[in-house]
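Take any residue in the sequence shown, note its place counting from 1, add 8, and you have its number in the working numbering.
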Amino acid sequence: MAEVSQDLTSLRVGFIGGGNMASAIGAGLIRRGVLKADNVWVSGRTTRTLGFWSDLGAHATLKNGEVVENTDVIFLAMKPQMLDDALAGIAKTITKCPPSKLYVSVLVGVTLEVLQTKLERIVQQPRVIRSMPNTPMMVGEGITVYCSKGTTANDEILVNALFSHVGISESIPETLMNAVGGLSGSGPAYAYLITEALSDGAVRMGVPRPMATKFAAQVLVGAGKMILETGRHPGQLKDEVCSPAGTTIRGIHALEQGGIRGSLMNAIEAAVTRSDELSSVPNHALRYENANFINLSRKFSSKSTVGCIGFIGGGNIARAIGNGILKSKLVEPPSIYVAEPYEPMQKPWLDLGTKVTNENGKVVENCDIIFLSVKTTALNAAATGIKNTLSVPVRDKLFISVLAGIPLSVLKKVILPVVPEARIIRSTLNMPLLIGEGCAVFSGDSSVTEEDIASVKTIMSGLGMCNFIPELQLNAASGLVGCGPAYMYIMIEALADGAVKMGVPRDLAIKFAAQTMYGSAKMVLETGKHPGELKDQVCSPGGTSIRGLHAMEKSGVRAALMDAIEEAVKRSEEITNK
9 MAEVSQDLTS LRVGFIGGGN MASAIGAGLI RRGVLKADNV WVSGRTTRTL GFWSDLGAHA
69 TLKNGEVVEN TDVIFLAMKP QMLDDALAGI AKTITKCPPS KLYVSVLVGV TLEVLQTKLE
129 RIVQQPRVIR SMPNTPMMVG EGITVYCSKG TTANDEILVN ALFSHVGISE SIPETLMNAV
189 GGLSGSGPAY AYLITEALSD GAVRMGVPRP MATKFAAQVL VGAGKMILET GRHPGQLKDE
249 VCSPAGTTIR GIHALEQGGI RGSLMNAIEA AVTRSDELSS VPNHALRYEN ANFINLSRKF
309 SSKSTVGCIG FIGGGNIARA IGNGILKSKL VEPPSIYVAE PYEPMQKPWL DLGTKVTNEN
369 GKVVENCDII FLSVKTTALN AAATGIKNTL SVPVRDKLFI SVLAGIPLSV LKKVILPVVP
429 EARIIRSTLN MPLLIGEGCA VFSGDSSVTE EDIASVKTIM SGLGMCNFIP ELQLNAASGL
489 VGCGPAYMYI MIEALADGAV KMGVPRDLAI KFAAQTMYGS AKMVLETGKH PGELKDQVCS
549 PGGTSIRGLH AMEKSGVRAA LMDAIEEAVK RSEEITNK
């Protein structure tokens, strides 16, 4: 979310229509201290709707005219088909007609020309901004695009400041509004369906429902934020997660067989088509030519007792963990030891100031906690490397394996002869650890102490979500946690492709797709609501989002995602049983 310094606490803001979108905007701004509740006026058709606003401390009324009279900025937040009735309600209940108010519409498919014409019949000199926000504004991670007519530069600065406090905000030409809305406006509904389907897939493989939903949402959060913070293409990030013949590429294959890319592109097109039907603005192919153009990280203690941390293997997942540890300032760079034989892979660690060696034994001698982060096929060689390079006998160390599919029984058989009394934890982690939004699951046997668990949680505290689960559930969880980011990168790329197909520039399309996934998943985690419930709140009868969802359901998106989880778990079990 952008940093915004403008003080808006004295601004008087009104909402005509107090439903889901108004709640997302108004409640988001009030809860973040951007607006004072006493400066917010809301009109609605029922006392049930208005009760929510009264509880927030806002002024609630059945008279639209009172909202216009008492505020400086008025959001038109009713359903599009209710616009005429709402404006008639203003005309009937207004007692004085203040000139030149700023009206901000959030109505899907209603053009600036229509808004201006209708408003001029009842109020003097209306300044009109048309916007397309989305509901993750409720948790500060929304997307809003807007365009204007008859407004001043200060009007746009003001509206941009309001929306930037609850997410990202962009001014675009009106010709792109429907196309972007098909992604950012309807996208949360798609994200909730995806979250629910991933959760279903994990439950199918044995993961408990609450854990599955939490992991699925965190995967979306982490993947979306990886794109936003690194600026890298989703395809590049996806490739880094897919090791040859691994679990993730098996799941990706299932997604591609299920036609996931085409399904998501179809969803964007279906939503835009419905939006066009509402506003009669065609010619997407000409739009680009005519256009001018977030943390859930857990807090950690600065007085942590974690000593030196070692890595045997310095590849992608090790760098994600190491970078996250250094970013959280848990330890200083010289307290991290890395055993990595290949010079090109040593350089990133040397640049960080860590201690790099060719000798596995040196890492084990100097560190109390050692991550085994070599390739799965290199486990025995790594253990031999420890044995052959130890200068003194060592014992009683904590090893954390990130090797996909290798069970504790095998890890103990390989490590204990080399390091007696070693305690071993098996884990599955994912790459968004790099930006503090990862998801990690761990398992250990009875030799693992409470202090060991506390140490792992301390290390992970600045890296994202951390859970200890029974080993029997680890392969199933890894099909979601470990492979999930790659699935998200494909889906974010597909959503962006769908928006580009409808005329949105590529850079905006990727940015909006990633933010939509990130913000929607954060809604699941922070509200605690079921993804299906949040999805229903986005889908108005006969609207754009439900049209897009129908396209996804018709293409079998849920089954494709569940199949991806199953295939990844099967591959993990194949590795485990070798």
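Just so it is clear, CB atoms sit at the ideal spot from N, CA and C, and this is done for glycine as well.
Quick caveat: nothing in here was measured; it's all calculated off a predicted structure.
Check                                                                                                                      : Outcome
L480, buried or exposed, once every other Cβ within 10 Å from all chains shown has been counted against 16                 : exposed
Beta-carbon contacts of G556 that lie in its chain and below 6 Å, excluding the five residues immediately before and after : S194, A275, A278, A279
E285 (DSSP reduced to helix, strand or coil)                                                                               : helix
Reference I404, options G413, M353, D376, L358, closest by Cα                                                              : The residue asked about is misnamed: residue 404 is Asp in this sequence, not Ile. Ranking the options by Cα distance to D404, first place goes to D376.
Within 8 Å, strictly: CB atoms of I498 and M213                                                                            : no
Which residues DSSP lists as bridging S51, in chain order                                                                  : I24, T69
Exposed unless 16 or more other CB atoms sit within 10 angstroms - verdict on T385                                         : exposed
At least 3 beta-carbon pairs within less than 8 Å: the region 200 to 211 vs the region 537 to 550                          : yes
Alpha-carbon to alpha-carbon, T256 and C491                                                                                : 5 Å
Beta-carbon proximity check, L569 vs I317, cutoff 8 Å                                                                      : no
Terminal residues of the alpha helix (DSSP H) in which G540 lies                                                           : 539 to 546
Proximity winner among D453, W61, S463, relative to I378 (alpha-carbon distances)                                          : S463
Rounded C-alpha distance that separates A347 from K222                                                                     : 34 Å
The beta strand (DSSP E) enclosing V464, as first and last residue numbers                                                 : From DSSP, V464 is part of no beta strand (DSSP E) but of the alpha helix (DSSP H) over 458 to 468.
C-alpha gap between V48 and F171, whole angstroms                                                                          : 16 Å
Cβ-Cβ distance between A32 and G150 below 8 Å                                                                              : yes
Unbroken stretches of the beta strand (DSSP E), 3 residues or longer, contained in the region 145 to 184                   : 150 to 157, 175 to 179
Given 8 Å, three or more beta-carbon pairs between the region 328 to 345 and the region 434 to 442                         : yes
Exposed unless 16 or more other CB atoms sit within 10 angstroms - verdict on L471                                         : buried
Span separating the alpha-carbon of A293 from that of G511                                                                 : Confidence in A293 is poor, its pLDDT being 36 and thus under 50, which makes the residue's placement too unreliable to answer from.
Continuous beta strand (DSSP E) stretch holding M140: start and end                                                        : 135 to 140
The region 514 to 522 / the region 499 to 506 touching (three or more Cβ pairs under 8 Å)                                  : yes
S435: first and last residue of the uninterrupted beta strand (DSSP E) it sits in                                          : 431 to 436
Backbone CA spacing between F60 and M531 [nearest angstrom]                                                                : 18 Å
Interface flag, I176 vs chain C, CB-CB below 8 Å                                                                           : Looking at the structure shown, chain C is missing, and only one protein chain is on hand.
N585 in three-state terms, based on DSSP                                                                                   : coil
Proximal residues to S116 (C-beta, below 7 Å), its chain only, five neighbours per side dropped                            : Note that residue 116 is Val in the sequence shown, not Ser. Same-chain partners within the cutoff: P88, G189, G193, S283, L286, G551, T552.
K100, buried or exposed, once every other Cβ within 10 Å from all chains shown has been counted against 16                 : exposed
Reduced DSSP category for I130 - H, G, I as helix; E, B as strand; rest coil                                               : coil
Beta-bridge pairing of I573 - partner residues as DSSP gives them                                                          : None; I573 has no bridge partner.
Identity of the residue in R39, V114, Q244 nearest P493 by Cα                                                              : Q244
Per-residue burial, R295 [other beta carbons within 10 Å of its own, 16 or more giving buried]                             : Here the model assigns R295 a pLDDT of 35, short of 50, so the residue's position is not dependable and the matter cannot be decided.
Range covered by the beta strand (DSSP E) that runs through K363                                                           : 363 to 365
Coil, strand or helix - Y350 by DSSP                                                                                       : coil
8 Å Cβ cutoff met for M29 and A85                                                                                          : yes
Sequence-distant residues of the same chain with beta carbon closer than 6 Å to E575, five excluded per side               : R258, G259, A262
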